[in-house]
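Number of protein chains: 2
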Amino acid sequence: MTSSSTSGAPRSPDGDRGDLFDPGCPTRRLLDRIGTKWTSMAVKVLAEASPEEVRFAELQRSMTGISQKMLSATLQGLARDGLVGRRVEATVPPRVYYRLTPLGLTLEEPLAALREWAEAHMAEVDRANRRDEAS
Amino acid sequence: MTSSSTSGAPRSPDGDRGDLFDPGCPTRRLLDRIGTKWTSMAVKVLAEASPEEVRFAELQRSMTGISQKMLSATLQGLARDGLVGRRVEATVPPRVYYRLTPLGLTLEEPLAALREWAEAHMAEVDRANRRDEAS
DNA sequence: CCGAATCCATCAGGATACTG
DNA sequence: CAGTATCCTGATGGATTCGG
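From first to last, the protein sequence lines stand for chains B and A.
The opening residue of the first sequence carries number 1 in full-length UniProt numbering; numbering runs sequentially from there.
The opening residue of the second sequence carries number 1 in full-length UniProt numbering; numbering runs sequentially from there.
Now the structure itself:
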């Protein structure tokens, strides 16, 4: 098993060790997903395009620096989570369109709040870092 | 106010290639921090205690499963970012108190929004995952 | 009591090449 | 055009131990 999925589903079909950790925190599990390198950016791009669909190559262009592998993995993860939907156009060459599901759209709200905080305060965070580096 | 400042590119490995990647996205950098395993939980615990201070061992007890190393690293990171403050009581044995700074407190708002989304919708996400596993 | 240091397992994620 | 497969690296983070 090379990869047991990025968003590790509880792969303990039976009693692993019980409850060593506290997996009952949905926030942690959410952050495990949107906290990955490209996921939140994909949601943002798709949200901005919504309700229009976006093609694979178009997404790759919007997300500078992402590889096919990571884009594919990111979209797969979001699709598995029911946050984005796929539509394949059976042409030659084939075209695949992505869009946020209604559930994915609701995620955009708190994500936008986080973005606003980042744009408002990350400069101050950076300043704090500089101050600390001086020591 | 993003006084834009000198817009210091955080990590230019060596030669600045212009804009191959987009390091100007503060959201990514924010998620790189709060997306780590324990950071958001620490902020939550500290926010709930605010304006009271919390001791190291107390934090460790609240965050089930965390090691000293990770708690220390998490708090250091938050302190460097100016989100939490430390107060050392020079007793024997020494006691160290942590609390959110005003800046850290402002982060609690969007973080709480994310938490609400998680509690409201993660069950649906899980259901989507099950449905996908069936294939 | 606090946390720094070491060792070690795992994994995200980048580069590349190949299929349909 | 869209997606998969393989290889490889550095960062994440857990357990443990030492120091102040």
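The C-beta atom is built at its ideal place from N, Cα and C for all residues, glycine as well.
Residue closest to residue i, alpha-carbon to alpha-carbon, out of the options
i	options	result
Met70 of chain B	B:Leu83, B:Phe56, B:Asp81	B:Phe56
Gly77 of chain B	B:Thr36, B:Ser67, B:Ala47	B:Thr36
Ala79 of chain A	B:Ala123, B:Ala73, B:Ala128	B:Ala128
Ala42 of chain B	B:Arg28, B:Leu111, B:Arg130	B:Leu111
Gly85 of chain A	A:Leu46, A:Arg130, A:Leu30	A:Leu46
Pro26 of chain A	B:Pro93, B:Arg130, B:Glu119	B:Glu119
Glu108 of chain B	A:Glu108, A:Ala113, A:Leu105	A:Ala113
Arg28 of chain A	B:Leu30, B:Val125, B:Ser40, B:Glu133	B:Ser40
Glu48 of chain B	B:Leu105, B:Asp126, B:Gln68	B:Leu105
Leu30 of chain B	A:His121, A:Glu133, A:Arg130, A:Asp132	A:His121
Sequence-distant residues of the same chain with beta carbon closer than 7 Å to residue i, five excluded per side
i	result
Arg95 of chain B	Arg55, Glu89
Leu103 of chain A	Gly82, Leu83
Thr101 of chain B	Gly82, Leu83, Val84, Gly85
Arg115 of chain A	none
Proximity test, Cβ basis, 8 Å: residue i and chain A
i	result
Leu100 of chain B	no
Arg86 of chain B	no
Met70 of chain B	no
Thr74 of chain B	no
Leu31 of chain B	yes
Pro110 of chain B	yes
Thr91 of chain B	no
Ala134 of chain B	no
Asp49 of chain B	A quick correction: the sequence has Ala, not Asp, at residue 49 of chain B. Ala49 of chain B does not count as touching chain A.
Interface flag, residue i vs chain B, CB-CB below 8 Å
i	result
Met41 of chain A	yes
Trp117 of chain A	yes
Arg80 of chain A	yes
Thr27 of chain A	yes
Val125 of chain A	yes
residue 136 of chain A	Summary: the structure shown does not reach residue 136 of chain A, with chain A confined to residues 1 through 135, and so no result is reported for it.
Leu46 of chain A	no
Leu105 of chain A	no
Ala57 of chain A	no
Ala128 of chain A	yes
Residue range of the alpha helix (DSSP H) that includes residue i
i	result
Glu48 of chain B	39-49
Gly77 of chain B	68-80
Thr27 of chain B	26-34
Ala57 of chain B	56-62
8 Å CB neighbourhood of residue i in its chain, flanking five on each side removed
i	result
Glu53 of chain B	Arg87, Tyr97, Tyr98, Arg99
Trp38 of chain B	Met63, Ile66, Met70, Leu71, Thr74
Arg81 of chain A	Sequence check: residue 81 of chain A is Asp here, not Arg. Only Arg33 meet the Cβ criterion.
Residue i: first and last residue of the uninterrupted beta strand (DSSP E) it sits in
i	result
Val96 of chain A	95-100
Gly85 of chain A	84-89
Residues of its chain near residue i, where Cβ-Cβ distance is below 6 Å and the 5 sequence neighbours each way are ignored
i	result
Ser50 of chain A	Leu100
Gln68 of chain B	none
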